[in-house]
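A.B. asks:
Number of protein chains: 2
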Amino acid sequence: MDFSSAEENYLKAIYHLSEQQKEEVSTNSIADELQTKPASVSDMLKKLAAKKVINYVKYKGVTLTDKGRSVALLIVRKHRLWEVFLVEKLKFNWDEVHEVAEQLEHIKSRSMIERLDMFLGFPKFDPHGDPIPDKNGNIAVLTAKPLAEGITGNSYKVVSVSDSDAALLQYLDKVGISIGTVLQITDKIVYDSSIEINIDNQNRQQLVSKMVSENILVVDI
Amino acid sequence: MDFSSAEENYLKAIYHLSEQQKEEVSTNSIADELQTKPASVSDMLKKLAAKKVINYVKYKGVTLTDKGRSVALLIVRKHRLWEVFLVEKLKFNWDEVHEVAEQLEHIKSRSMIERLDMFLGFPKFDPHGDPIPDKNGNIAVLTAKPLAEGITGNSYKVVSVSDSDAALLQYLDKVGISIGTVLQITDKIVYDSSIEINIDNQNRQQLVSKMVSENILVVDI
DNA sequence: GTCTAATTTTAAGGAAAACAAATTTAGTTT
DNA sequence: AAACTAAATTTGTTTTCCTTAAAATTAGAC
Chain A
1 MDFSSAEENY LKAIYHLSEQ QKEEVSTNSI ADELQTKPAS VSDMLKKLAA KKVINYVKYK
61 GVTLTDKGRS VALLIVRKHR LWEVFLVEKL KFNWDEVHEV AEQLEHIKSR SMIERLDMFL
121 GFPKFDPHGD PIPDKNGNIA VLTAKPLAEG ITGNSYKVVS VSDSDAALLQ YLDKVGISIG
181 TVLQITDKIV YDSSIEINID NQNRQQLVSK MVSENILVVD I
Chain B
1 MDFSSAEENY LKAIYHLSEQ QKEEVSTNSI ADELQTKPAS VSDMLKKLAA KKVINYVKYK
61 GVTLTDKGRS VALLIVRKHR LWEVFLVEKL KFNWDEVHEV AEQLEHIKSR SMIERLDMFL
121 GFPKFDPHGD PIPDKNGNIA VLTAKPLAEG ITGNSYKVVS VSDSDAALLQ YLDKVGISIG
181 TVLQITDKIV YDSSIEINID NQNRQQLVSK MVSENILVVD I
């Protein structure tokens, strides 16, 4: 079965949304994710349901079928492998690769993506710390949590950040945060939920906003 | 100015056709090249003329404008660089890369293609021997001629073959012909215009058909 | 120079994917 | 239960690219 780029983007969006909140995905949230209008989404959901890649109940929302999930995981796999290529081989910065990977993920060639995987040394994570599904669609489950949920005094290692927001990535670059960076929470400001951190045990504090601290995923150390 | 994949394919087709025969390109030949119908071509020619990338005179044919040629050359550049990547880095055979490169050539990112060029070491020719336009659209002129025009007794070096026909490439692989191979013409069969050749001075003759000999480009040695 | 055949263009319409506007539904409030 | 509201769907267009059928034009044959 073949899927257009538009169909693939819908499946990917539904996949990402169902990762975030474990229930049915709403039409509006898909429209939001894809920068389109709910009317367009309704249209497409009918098509995708006919192709048996989603379970669609009108006015109720959608979930992916097994078939749909495996299509979505292949797209995610391609997107993340291409990001690794762009950063490791072509020396892009991590904030520059998302847009190009959005195009590359739709290239159709089963054997190319397997060869690319080999060429890259079978990476397990992309440059933003997100796990890369293997060719069977198996993907590591991230046990990480947002920095926002950390406790004052504790130290954490950055394992992942949102890859779709270049502005965030540029900001993180500027303050010296990347995958693997160790952060210690030195204070939590109750007033605006911002967090004061110490980066890589340097002799300097950095204040990060609530919004930022929710988009940095960390694990305990 | 932005171009859709369809528009890019038309420009590339017109470019290739005007390379072959130095005059105006006909609607039918474009339809043929793109596996579509003449009516579709007429439609698209109007669009491309409005965008000032072709000189279009109804019923007369088209030529590329300077603008059009530079767009076409960029697509050719991308196609051929990706072919180098697929063969050199991902270890594809030369008969397997055309289709995938047809998709990759439409990826939009100026900086990616320049970085890819650097990553590949600024190659001058693709795996089929075709010259790669540089970033300014300069391209080496092939002085080669079809093997079919060779003279009995003379030796020639293979510099290029048609990249779009996988069956031809597989055949050439089988008989041991690739870019750089030295061929000596030992006989020309008048009856069916086939040619008897000796490959790399081995102790063995090989008969190649008219069709094959017209699609292998060689230079004198 | 006219006629016919081949080529090219126009016209009408279909599929995919988008949008706005109008309508329907689900869930909540009273 | 009726009414309301927010979300979702339907309807009707639009755009892009393609197709078939018909009309127009060019060019080669006589």
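Same order as they appear, the protein sequences are chains A and B.
Position 21, counted from 1, in the first sequence is what our numbering calls 21; the numbers after and before it change by one each time, with no gaps.
Position 163, counted from 1, in the second sequence is what our numbering calls 163; the numbers after and before it change by one each time, with no gaps.
Ideal placement from N, C-alpha and C gives every residue a C-beta, glycine not left out.
#1: Counting along the chain, where does the alpha helix (DSSP H) carrying E214 of chain B start and finish?
#2: Nearest CA to the CA of G75 of chain A: which residue from A:I107, A:L17 and A:S193?
#3: Residues of chain A with CB closer than 8 angstroms to the CB of L116 of chain B, please, in chain order.
#4: Are the stretch 119-139 of chain A and the stretch 63-82 of chain A touching, with three or more C-beta to C-beta distances below 8 angstroms?
#5: Is the distance from the Cβ of S194 of chain B to the Cβ of H98 of chain B below 8 angstroms?
#6: Is I14 of chain A helix, strand or coil when you go by DSSP?
#7: What first and last residue would you give for the beta strand (DSSP E) that runs through V227 of chain B?
#8: Just to check my reading of the structure: I139 of chain B and L183 of chain B have Cβ atoms closer than 8 angstroms, yes? What is that Cβ distance to the nearest angstrom?
#9: Tell me which residue opens and which closes the beta strand (DSSP E) that N28 of chain B is part of.
#10: Going straight from the alpha carbon of V219 of chain A to that of I199 of chain A, what length do you get?
#11: How many angstroms separate the CA atom of D192 of chain B from the CA atom of K210 of chain B?
#12: Please classify P38 of chain B: does DSSP put it in a helix, a strand, or coil?
#13: Run through DSSP, which three-state label would D220 of chain B get?
#14: By DSSP, does Q170 of chain B sit in helix, in strand, or in coil?
#15: Kindly give me the distance between the Cβ atoms of A144 of chain A and V161 of chain A, rounded to whole angstroms, as I take these residues to be in contact under 8 angstroms.
#16: Exposed or buried, what is G68 of chain A when buried is set at 16 or more other beta-carbons lying within 10 Å of its beta-carbon?
#17: Below 8 angstroms between beta carbons: does that hold for V224 of chain B and D126 of chain B?
#18: Is there at least one Cβ from chain B nearer than 8 angstroms to M44 of chain A's Cβ?
#19: Report the CB separation of I185 of chain B from N154 of chain B in whole angstroms; it is logged as a contact under 8 angstroms.
#20: If we call anything under 8 angstroms between Cβ atoms a contact, is Y15 of chain B one with M44 of chain B?
#21: For D2 of chain B, count the other beta carbons within 10 Å of its own beta carbon; 16 or more makes it buried, fewer makes it exposed. Which is it?
#22: Could you spell out the range, first to last residue, of the beta strand (DSSP E) harbouring I199 of chain B?
#23: Quickly, what does DSSP pair Y56 of chain A with across the bridge? List them, please.
#24: Straight-line CA distance for H128 of chain A to I151 of chain A?
#25: Report the residue from A:L147, A:E102 and A:E114 whose alpha carbon sits nearest the alpha carbon of L90 of chain B.
#26: Using three-state DSSP, classify F92 of chain A as helix, strand or coil.
#27: In angstroms with no decimal places, state the Cα-to-Cα distance between A167 of chain A and S213 of chain A.
#28: Residues of chain B with a CB under 7 angstroms from the CB of Q170 of chain A: which are they?
#29: With respect to the alpha helix (DSSP H) encompassing V87 of chain A, which residues constitute its N-terminal and C-terminal limits?
#30: Which of the three DSSP states is assigned to K145 of chain A in this structure?
#31: Could you check what DSSP says for L223 of chain B in three-state terms: helix, strand or coil?
#32: For a quick check, are the C-beta atoms of T63 of chain A and V41 of chain A less than 8 angstroms apart?
#33: Considering only residues of the same chain and omitting the five flanking positions on each side of K188 of chain B, which have a CB-CB separation below 7 angstroms?
#34: State the beta-bridge partners of L207 of chain A as determined by DSSP.
#35: Using only CA atoms, which one of B:Q205, B:L86, B:G180 and B:E7 lies nearest to M118 of chain A?
C.D. replies: Judging by the given coordinates:
#1: K210 to E214
#2: It is worth fixing the name first, because residue 75 of chain A is Ile in this sequence and not Gly. Out of A:I107, A:L17 and A:S193, A:I107 has the C-alpha closest to the C-alpha of I75 of chain A.
#3: L90
#4: yes
#5: no
#6: helix
#7: No answer is possible for residue 227 of chain B: it lies beyond the span of chain B, which begins at 1 and ends at 221.
#8: Actually they do not touch by this definition, with Cβ atoms about 25 angstroms apart.
#9: Element bounds for N28 of chain B: not the beta strand (DSSP E) but the alpha helix (DSSP H), T27 to E33.
#10: 15 angstroms
#11: 7 angstroms
#12: helix
#13: strand
#14: helix
#15: Contact doesn't hold; Cβ gap of about 10 angstroms is too wide.
#16: buried
#17: Any property of residue 224 of chain B remains undetermined from this structure, which presents chain B solely from 1 to 221.
#18: no
#19: 6 angstroms
#20: no
#21: exposed
#22: I195 to I199
#23: A:V62
#24: 23 angstroms
#25: A:E114
#26: coil
#27: 14 angstroms
#28: The premise fails here: Q170 of chain A is roughly 16 angstroms from chain B at the closest Cβ pair, so nothing lies under 7 angstroms.
#29: Segment: none, V87 of chain A is in no alpha helix (DSSP H) and carries neither H nor E.
#30: strand
#31: Outside the displayed span of chain B (1 to 221) sits residue 223 of chain B, for which this structure offers no information.
#32: no
#33: T152 and I195
#34: A:E196
#35: B:L86
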